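Colleague: If you count the sequence shown from 1, position 20 lands on 20 in our numbering, and the numbers rise without skipping.
Don't be surprised by glycine CBs; every beta carbon is placed ideally from N, CA and C.
Nothing here was measured: the structure is a model prediction, and the numbers come from that model.
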Amino acid sequence: MRHQIANLERRALASLLLACGSLSLTTYALAGEADLNLVCTGNSYKQDGPFPTVETFSLKIAGKKPVMIGGPGSEKPVKARIIANNAIQLKFTTGKFTGEYFNFTGDLFLIHTDGRLTRLTCNPS
1 MRHQIANLER RALASLLLAC GSLSLTTYAL AGEADLNLVC TGNSYKQDGP FPTVETFSLK
61 IAGKKPVMIG GPGSEKPVKA RIIANNAIQL KFTTGKFTGE YFNFTGDLFL IHTDGRLTRL
121 TCNPS
């Protein structure tokens, strides 16, 4: 009986490791190669709390091309320079903020030069 349980545990562990490895490789491939057109909504924050209105940004990630991001009140998206891009995060910058998009969760954080932090959740447009 112990032998059967030990074999079952080994198989379960091997299956789990194989599944995690496959998921990691798939996520890495999608993060690096996929074109994404996203709509991101959320709030900006200062030290005294969140702003009362929800903000919406558009985010376009197209392979190795510069990130395009459009914010409230902007007529067209601006190019953002990519600082880092890996399976977990895409980090980019414009003249007004530094952005970090997290591939696993779809979260986007913008750290503005005026001290604001914008926290957004992104979904496919």
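1) Determine whether the beta carbon atoms of F109 and I88 lie at a separation below 8 Å.
2) Rounded to the nearest angstrom, how far is the Cβ of I61 from that of L90, given a contact under 8 Å?
3) Can you name, in chain order, every residue of its own chain whose Cβ lies under 8 Å from the Cβ of I69, other than the five neighbours on each side?
4) On the CB-based measure, 16 or more other CB atoms within 10 Å of its CB, does F51 come out buried or exposed?
5) Go through its chain and collect everything with a Cβ distance to V54's Cβ below 8 Å, but skip five positions before and after it.
Modeller: So, from the listed chains and residues:
1) Contact flag unset, no.
2) So it is a contact: roughly 6 Å between Cβ atoms.
3) The residues are F57, S58, L59, K60, P77, V78, A80, F92, T94 and G99.
4) Its Cβ having fewer than 16 others within 10 Å, F51 is exposed.
5) Listed in chain order, the non-local C-beta contacts of V54 below 8 Å within the same chain comprise T41, G42 and N43, local neighbours out to five positions each way being set aside.
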